[in-house]
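**Student:** Submitted below is the structure of interest, expressed as structure tokens.
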Amino acid sequence: MTKSIGVDIGYGYTKIVTEDNGTGLRKPILFRSIIGTYEKGIQVEGLKSPTKEIVSVASQRFLVGCSAVKHSTRILNSREKGWIGSVAYKALWGYALRLADCNSENLLIVSGLPINFYKTDKEKLSSLIKEIAKEYCLNLTVRVIPQPLGSFFSLFFDWSGKVVREDMAHEKVGVLDIGYYTSDLITIHELEVVEKQTDSYETGISTALETISRDIEAAYGMRPSLDHTAQALEKGSIKVFGSEKDIKPIVQKRLTELAQEITARAKTVWKNAADIDRVLLTGGGAEALKPYLNLFQHSFLIPEPQFSNAIGYYNLARRLDGGKA
Ligand SMILES: Nc1ncnc2c1ncn2[C@@H]1O[C@H](COP(=O)(O)OP(=O)(O)OP(=O)(O)O)[C@@H](O)[C@H]1O
Ligand SMILES: [Mg+2]
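Counted the way my numbering counts, the sequence shown spans residues 4 to 328.
Structure, rendered in structure tokens:
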């Protein structure tokens, strides 16, 4: 039996695409990329005891995702260089592979790294995945590619790994991946990465969440956390002193500013993008900025943008499975 898995560990969210062992249907899995200290918590007769997402690394326990946000006294995440060598990053991988249910004779795992870490950390990540995944399988294949390339492959290959967009193999394609903390930009010309037209910068949805949170404090006297602000952004309002306050005008203003900042940065690399055949907008941030982002006449939001890197990794894994790559 062979199992293919695409894993996209973002600074904000981890996205996994694999097939369900029972039904064979593809399933997307998502969790917040947060690792925190393990806390036993208080259990009271008659009250709900919290369900916790737990992962162990070298027999040390950690909380993951929403459980960490809720219960951990210390969050271990960082975005410094060396993040992929950290215990927290290892814990995210351990948890991701457990959720992917990856017991299989043959296992194919494809993942990615932000473009600015790709050259330096590719081998490190590959060894880390092998170390964690080897206990699940007999034969293991691991590939690490630049993150936004996943979105390209989500269109280029279909779910079985077959090329369905031959035209893109002869084109110059731009990909702008807007994430939680960062945005990555890559250019692919005839299936090769154009290195001088790549960029990575620390601007993402969290940039707007920071300012929205500050605006809410100035208007209503409460400074929500970034996760709380994200929920409020989705709802269009926030509860303060027991009553709902409309935050739509604040959101509109700050997301417009963020879209302008990202547009300016993309234009320093691509200018007016006249020499590019198409520009793909991807990442969960591109979905959030959809009403505000009007980059080029030939730029478009690709389907399932938050998952599309993971979908492309999965498609590539299927391609490797067919031995055609
Ligand atoms: N359907 C949606 N509508 C609006 N916003 C969305 C939607 N789906 C995802 N998002 C936003 O996408 C953001 C996360 O995007 P994504 O998962 O691509 O980031 P990431 O890859 O973890 O971050 P980074 O690239 O910085 O590592 C979140 O802020 C979330 O609010
Ligand atoms: Mg991302």
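All residues carry an ideal CB built from backbone N, CA and C; glycine is no exception.
Just so we're clear, the structure is a prediction, and the values are computed from it rather than from any experiment.
So, for Leu128: in the same chain, excluding its five sequence neighbours on each side, which residues have a beta-carbon less than 8 Å away from its beta-carbon?
**Tutor:** Counted from its first residue, the sequence shown places residue 128 at position 125. Result list for Leu128: Ile87, Ser114, Leu116 and Val147, in chain order.
**Student:** Measure the Cβ-Cβ separation of Asp11 and Ala320 and say whether it is below 8 Å.
**Tutor:** Mapped onto the sequence shown, residue 11 falls at position 8. Mapped onto the sequence shown, residue 320 falls at position 317. No, the pair does not count as a contact, with Cβ atoms beyond the cut-off.
**Student:** Would you mind reading off the limits of the alpha helix (DSSP H) that contains Thr266?
**Tutor:** The sequence position of residue 266 within the sequence shown is 263, counting from 1. Element bounds for Thr266: Lys251 to Trp273.
**Student:** Between the C-alpha atoms of Leu28 and Ser7, what's the straight-line distance to the nearest angstrom?
**Tutor:** Mapped onto the sequence shown, residue 28 falls at position 25. Mapped onto the sequence shown, residue 7 falls at position 4. Rounded to whole angstroms, Leu28 to Ser7 spans 12 Å at the Cα level.
**Student:** Which stretch, first to last residue, makes up the alpha helix (DSSP H) that contains Tyr223?
**Tutor:** Here residue 223 refers to the residue found at position 220 of the sequence shown. Ile208 to Tyr223 is the extent of the alpha helix (DSSP H) around Tyr223.
**Student:** Less than 8 Å separating the beta-carbons of Ile215 and Tyr183?
**Tutor:** Residue mapping note: residue 215 aligns to position 212 of the sequence shown, counting from 1. Residue mapping note: residue 183 aligns to position 180 of the sequence shown, counting from 1. No.
**Student:** Starting from Asn312, trace the beta strand (DSSP E) in both directions and tell me its first and last residue.
**Tutor:** Position 309 of the sequence shown, counting from 1, holds the residue named residue 312. Looking at the DSSP string, Asn312 is not in any beta strand (DSSP E); the run it does join, the alpha helix (DSSP H), is Ser311 to Asp324.
**Student:** Which class does Gly97 belong to by DSSP, given the choice of helix, strand or coil?
**Tutor:** Here residue 97 refers to the residue found at position 94 when the sequence shown is read from its first residue. The answer is helix: DSSP assigns Gly97 an H, G or I state.
**Student:** In chain order, what residues of the same chain have a beta carbon less than 6 Å from the beta carbon of Val145, not counting five sequence neighbours either side?
**Tutor:** The residue labelled residue 145 in the question sits at position 142 within the sequence shown. Here the set comprises Ile112, Ser129, Ile132 and Lys133.
**Student:** Among Pro252, His231 and Val254, which residue has its Cα nearest to the Cα of Val243?
**Tutor:** Within the sequence shown, numbered from 1, the residue matching residue 243 stands at position 240. It is His231 whose Cα lies nearest to the Cα of Val243.
**Student:** Would the stretch 94-111 count as touching the stretch 40-52 if we require 3 or more Cβ pairs under 8 Å?
**Tutor:** Segments in contact, no.
**Student:** Once DSSP output is grouped into helix, strand and coil, what is the label at Asp170?
**Tutor:** Indexing the sequence shown from 1 puts residue 170 at position 167. Helix at Asp170.
**Student:** Three or more beta-carbon pairs under 8 Å between the stretch 197-211 and the stretch 257-274, yes or no?
**Tutor:** In short, these stretches touch, since the Cβ pair count reaches three.
**Student:** Skipping 5 residues on each side, what residues in its chain have a beta carbon closer than 8 Å to that of Lys30?
**Tutor:** Walking along the sequence shown from the start, residue 30 turns up at place 27. Contacts found: Val20, Thr21, Glu22 and Asp23.
**Student:** Using only the heavy atoms of ligand 2, determine whether one of them is closer than 7 Å to the beta carbon of Asp11.
**Tutor:** Within the sequence shown, the letter at position 8 stands for residue 11. Yes; taking the cut-off as 7 Å, the Cβ of Asp11 has a heavy atom of ligand 2 nearer than that.
**Student:** Is it true that the CB of Ser311 sits closer than 8 Å to the CB of Thr285?
**Tutor:** Taking the first residue of the sequence shown as 1, we reach residue 285 at position 282. Taking the first residue of the sequence shown as 1, we reach residue 311 at position 308. Against a cut-off of 8 Å, the Cβ pair of Ser311 and Thr285 comes out as a contact.
**Student:** For Asp218, which residues of its own chain have a beta-carbon under 6 Å away from its beta-carbon, when the five flanking residues on both sides are left out?
**Tutor:** On the sequence shown, residue 218 is found 215 positions in, with the first residue counted as 1. Ile253, listed in sequence order.
**Student:** In this structure, how does DSSP classify Lys18 when only helix, strand and coil are distinguished?
**Tutor:** As a working note, residue 18 is residue 15 in the sequence shown. In the structure shown, Lys18 sits in a strand (DSSP, three-state: E or B).
**Student:** Ligand 2 and Asn312: does the residue's C-beta get closer than 7 Å to at least one heavy atom of that ligand?
**Tutor:** Counting from 1 along the sequence shown, the entry for residue 312 is found at position 309. True, at least one ligand heavy atom lies under 7 Å from that Cβ.
**Student:** Looking only at DSSP bridge pairs, what is Pro31 linked to?
**Tutor:** Stepping through the sequence shown from its first residue, residue 31 is reached at position 28. Val20, per the DSSP bridge assignment.
**Student:** With a Cβ-Cβ cutoff of 8 Å, do Phe160 and Val167 count as a contact?
**Tutor:** Counting from one through the sequence shown, the residue named residue 160 turns up at place 157. Counting from one through the sequence shown, the residue named residue 167 turns up at place 164. Yes; because the gap between Cβ atoms is below 8 Å, this pair is in contact.
**Student:** Does any heavy atom of ligand 2 sit closer than 7 Å to the C-beta of Asp124?
**Tutor:** Numbered from 1 along the sequence shown, position 121 holds the residue referred to as residue 124. No, the Cβ of Asp124 stays beyond 7 Å of every heavy atom of ligand 2.
**Student:** Using 8 Å as the threshold, is the stretch 298-312 in touch with the stretch 271-282, meaning 3 or more CB pairs across them?
**Tutor:** Contact holds: three or more Cβ-Cβ distances are below 8 Å.
**Student:** When you compare each of Ile38, Leu298, Lys256 and His192 to Arg268 by their alpha carbons, which one comes out closest?
**Tutor:** Within the sequence shown, the letter at position 265 stands for residue 268. For Arg268, the nearest C-alpha among the options comes from Leu298.
**Student:** So for Ala328, helix, strand or coil by DSSP?
**Tutor:** Start at 1 with the first residue of the sequence shown, and residue 328 comes out as number 325. At Ala328 the pLDDT is 47, less than 50, meaning the model places this residue with poor confidence and gives no usable figure here.
**Student:** At a threshold of 7 Å, does Asp280 count as lining ligand 2 (C-beta to nearest heavy atom)?
**Tutor:** Position 277 of the sequence shown, counted from the first residue, corresponds to residue 280. No; taking the cut-off as 7 Å, the Cβ of Asp280 has no heavy atom of ligand 2 nearer than that.
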